[in-house]
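Single-structure report; data block below.
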Amino acid sequence: MLIKKQYVQYCLLCLMLLLATHLVLSNIVGDDAREGENVQQHLQALLKDSQFLDIAWNKTFSWQAEHGYVHLPPENVNHPEGVFGVTGLLATTFAVAPLEASCGAGQIELRVLTGEHFYPSENTCKQIALQFLKRHFSWFFETNVVPDPQITGPTNTGVLSFRWEHTDKEGFPTDYVDADVRSIDGKVISFGALKVKFHPLHKITPSQAKQTALQIANKDIQIRNAKVLSFFLDTTADRPCEYHVELQAQERETGQLLTGHISVDGMTGKPYMQKPLWKYADTNHRNSLNAVEDFQPAWTNQGLVFSSKRDLANIPTWASYPTQLMLLNASGKITHLTSDLTVGSGLPSGLDNSSWLTLQRQGWTYTFDLQTGNYKILASPERNGVNPAVNSSGSWGIVCGNGREPSSTIDLFADDLSRPTTMLHHRARLVAPGDQQHPIFSPDGHWLYFITTSESKDKKSLEGKQSLQRIPAEMVEVKKLTQLSMNQVEDVVANLLNPIERLSIFPDGKKLLAQTPKGMSIITVQDKQSKSLALGSLTDNELGAVKIEQVKDGWAGPSDNEVTFSGKTVDKSGKIRWRIYSCHLDGSHVKALTPKDNNPIEPYKFSDGKTAIDLAKEWALSEIAFADAQKRQESN
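Sequential numbering of the sequence shown, starting at 0, is according to numbering that gives the first Met the number 0.
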């Protein structure tokens, strides 16, 4: 009987818990429903304001809130100024009479800037923010005096932040409005308005906390001209009353802007730190200790292609971007071939008698014609492929990968580039023992060379045995490659001593150049021998006979008696340069091919008038569309 009574009590308790949970969930759902209605009713005009982002509204969008916020659709990414967009927009209201609300950007992706449009100044962006906020939060501006705004930025995506606030006698904000404006196109990308109801209990005033922070900053002998940018009073479990004082200063020796902060106890006035943690201010995101950085040379019949971190022309100094591909033509002019501010491009490969080039970039592999700008996709995040190569006629491309059905080894995949579409189609796979990598076609189109790594017989060794092999290029055709027998694979050098990092071929097709961690090696096809290349001590005479301290990224050419490479120098002033050089096989006749100074590089122009910017936009838009389609597929 007792057991039965306890069981009944247990069931009643479970029922009560279920009812309580249901009530809590009902309240949450009800609150979210009301918040969704508030956002739709009171913020829709702001979100569709012409000065706000161009949101990609769609028929399936619902104003339903989740945890108090409405998740808005992303911004349209195709703009006259380039390819960029905001995702993760969240909107909420705090009060509706008068309106207190916020809308924040989760992520800003900046892909391509055309550089052909006027970038609004800081003052213009401030006026845009002010107009927008006055139009929608007029209650804040009912006083006769509009306070000066706090201004921060621009960030490395070109965003300037503006905040206007009214303060009490102590200096605490009583209410504020703010807006972030994108200095690319002058669009407001986020906004907020709030009346501050309370501040944590404190004994130290804001002016005392700021004075303490400045006193500590001025003790640092490495900085000068320290000043307070902003402050706020926060409370956490560990620190129930803490001032966070944001500072700005100049580096004493160079004059560069620095930012840092000091935390001060709001009850005692004691600092939590003895020195600000300074960092360089976000003013020029391309500032580098290296004067120039040029890597990975490869020859084509249009000139020398290489990876570089040189500045791009018509791009604001606030923009940071990864490595781009550039071309040095026969007249000595450098132009940039790629122009993506988020996705870097590298590992170029080509032949000195062809205008076709291959490259890799963050999950994608492309080949394109330097004359026409025509391109094909060789690999995507869904169908992987690296170490690309293309034959001299541009009719066949090769990548290395696992394909849609990954195996334990890396194989060669052939792609027919005569297909009418740029997108991937059927690829042929050479299933062979070991890993096949670093393919390169011979200039005459007769052979495809590649490196095969087989499993080491020595179980203690982490590195497998590498060999240089080749197959007739005619076997690369889709149907033939899958039917290739292993007796058609010819060993050129059966046992290479060092692992291969890059493989290239000389113009005569009789020799190959292998870059290894220990240097370069010449492989002679006829006698099937590999011999280390001893270049000796190399100097850059343009810099005053400065020694070339490090050599890497070797590539065959431009002649049968020359190699090209990236070399590091450090001049008398301490400036570091990575430049592209060439020299004879005996180390003589060293020539610097890329300039010693970093001057802005203009975009490359194809024969039909299309530029590298146009190509960059095409690639960025197709990659974004692919990623969006994958997200939709995953959500379904």
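Ideal Cβ positions, reconstructed from N, Cα and C, are used throughout, including at glycine.
Have a look at Pro442 and Asn390 and give me their C-alpha separation to the nearest angstrom. Spanning the two alpha carbons is a distance of roughly 8 Å.
Round the Cβ separation of Pro387 and Thr357 to the nearest angstrom and send it over; I've been treating them as touching at under 8 Å. The beta-carbon distance between Pro387 and Thr357, rounded to whole angstroms, is 4 Å. This is short enough to meet the 8 Å contact definition.
Would you kindly report the start and end of the unbroken beta strand (DSSP E) that includes Arg722? Outside the modelled stretch of the chain, which goes from 0 to 635, sits residue 722, for which no answer is possible.
Which of helix, strand or coil DSSP assigns to Gly191: Residue state, collapsed to three classes: strand.
If we require 3 or more residues per run, which beta strand (DSSP E) segments fall completely within the segment 218-245? Given a length threshold of 3 residues, each whole run of the beta strand (DSSP E) inside the segment 218-245 is given here in chain order: 222-233.
Return helix, strand or coil for Ala493, following the three-state DSSP convention. Reduced to three states, the DSSP call for Ala493 is strand.
Cutoff 6 Å; reference Arg360; Cβ partners in own chain excluding five residues on either side: Closer than 6 Å at the Cβ level, and outside the excluded window around Arg360, lie Val342 and Ser344.
Rounded to whole angstroms, what's the CA-CA distance from Lys278 to Phe161? Just pull it up for me. The straight-line gap separating the alpha-carbon atoms of Lys278 and Phe161 is approximately 22 Å.
Inter-residue spacing [alpha-carbon to alpha-carbon] between Thr154 and Tyr320: For Thr154 and Tyr320, the distance between alpha carbons rounds to 13 Å.
Which residue's Cα is closest to the Cα of Asp167: Lys196, Glu141 and Pro148? Of Lys196, Glu141 and Pro148, the residue nearest in Cα terms is Lys196.
Below 7 Å CB to CB, which residues in the same chain sit around His583 once its five sequence neighbours on both sides are set aside? Same-chain partners within the cutoff: Asn560 and Glu561.
Name, in chain order, the residues that DSSP records as bridge partners for Asn77. Asn77 is bridged by DSSP to Val82.
Residues near Gln126 by beta carbon distance below 8 Å, same chain, minus five either side: There are no such residues.
Go through its chain and collect everything with a Cβ distance to Lys616's Cβ below 6 Å, but skip five positions before and after it. If the five residues before and after Lys616 are omitted, its C-beta is found closer than 6 Å to the C-beta atoms of Val82 and Val111, all from its own chain and listed in chain order.
Please report the Cβ distance between Leu213 and Cys240, rounded to the nearest whole angstrom; I am assuming they are in contact, meaning their Cβ atoms lie under 8 Å. Between Cys240 and Leu213 the Cβ distance is about 20 Å, and since that is not below 8 Å, they are no contact.
The segment 428-443 contacting the segment 498-514, beta-carbon criterion three pairs below 8 Å: With a cut-off of 8 Å, the segment 498-514 and the segment 428-443 count as touching, because enough Cβ pairs lie within range.
Please confirm if Asn560 has its CB atom under 8 Å from at least one CB of chain C. Although the question refers to chain C, the structure presented lacks it and comprises just one protein chain.
With respect to the beta strand (DSSP E) encompassing Gln436, which residues constitute its N-terminal and C-terminal limits? Here the beta strand (DSSP E) through Gln436 covers Asp434 to Phe440.
Beta-carbon proximity of Gln295 to Asp539, cut-off 8 Å: Taking 8 Å as the Cβ cut-off, Gln295 and Asp539 do not qualify as a contacting pair.
Give, in chain order, every unbroken run of the beta strand (DSSP E) that is at least 3 residues long and sits entirely within the segment 254-293. Fully enclosed beta strand (DSSP E) runs of 3 or longer: 256-264.
Three-state secondary structure (DSSP) of Pro599: Pro599 falls in the coil class under three-state DSSP.
Look at the alpha carbon of Lys595 and the alpha carbon of Asn289, and state the distance between them as a whole number of angstroms. If you take the alpha carbons of Lys595 and Asn289, they lie about 11 Å apart.
Nonlocal neighbours in the same chain, by C-beta distance under 8 Å from Pro270, ignoring five residues either side: Cβ neighbours of Pro270 beyond the five flanking positions: Thr211, Ala212, Ile215, Ile261, Ser262, Val263 and Asp264.
Per DSSP, which residues does Thr151 bridge with? Please list them. According to DSSP, which records beta bridges pairwise, Thr151 is partnered with Ser160.
According to DSSP, is Phe625 helix, strand or coil? Three-state result, Phe625: helix.
I'd like to check one pair, Trp355 with Pro557: are the Cβ atoms closer than 8 Å? Taking C-beta atoms as the reference points, Pro557 and Trp355 fail to come closer than 8 Å.
Across which residues does DSSP place Val475 in a beta bridge pair? Bridge pairing for Val475: absent [DSSP].
Can you tell me whether Arg251 is helix, strand or coil according to DSSP? Three-state DSSP puts Arg251 in coil, outside helix and strand.
Here's a check: name, in chain order, each residue in its chain whose Cβ is nearer than 7 Å to the Cβ of Cys124, leaving out the five neighbours to either side. Excluding positions up to five away in sequence, the list reads Leu159, Val180, Ser182 and Gly185.
Among Trp163, Ala100 and Phe412, the one whose alpha carbon lies nearest that of Leu42: Residue nearest to Leu42 within the set Trp163, Ala100 and Phe412 is Ala100 (criterion: CA-CA distance).
Straight-line Cα distance separating Thr316 from Trp163: If you draw a straight line from the Cα of Trp163 to the Cα of Thr316, it comes to about 27 Å.
Measuring straight from C-alpha to C-alpha, what distance separates Gly331 and Tyr580? Looking at the backbone, the Cα of Gly331 and that of Tyr580 are separated by about 13 Å.
Among Ala64, Leu88 and Ala128, nearest to Asn75 - alpha-carbon criterion: Cα-wise, what sits closest to Asn75 is Leu88.
In or out: Asn143 buried (at least 16 other Cβ within 10 Å) or exposed? Classification for Asn143: exposed.
Does the Cβ of Pro205 have 16 or more other Cβ atoms within 10 Å, making it buried, or fewer, making it exposed? Pro205 is buried by the Cβ-count criterion.
In whole angstroms, give me the CA-to-CA distance for Gly400 and Val550. C-alpha separation (whole angstroms): 29 Å.
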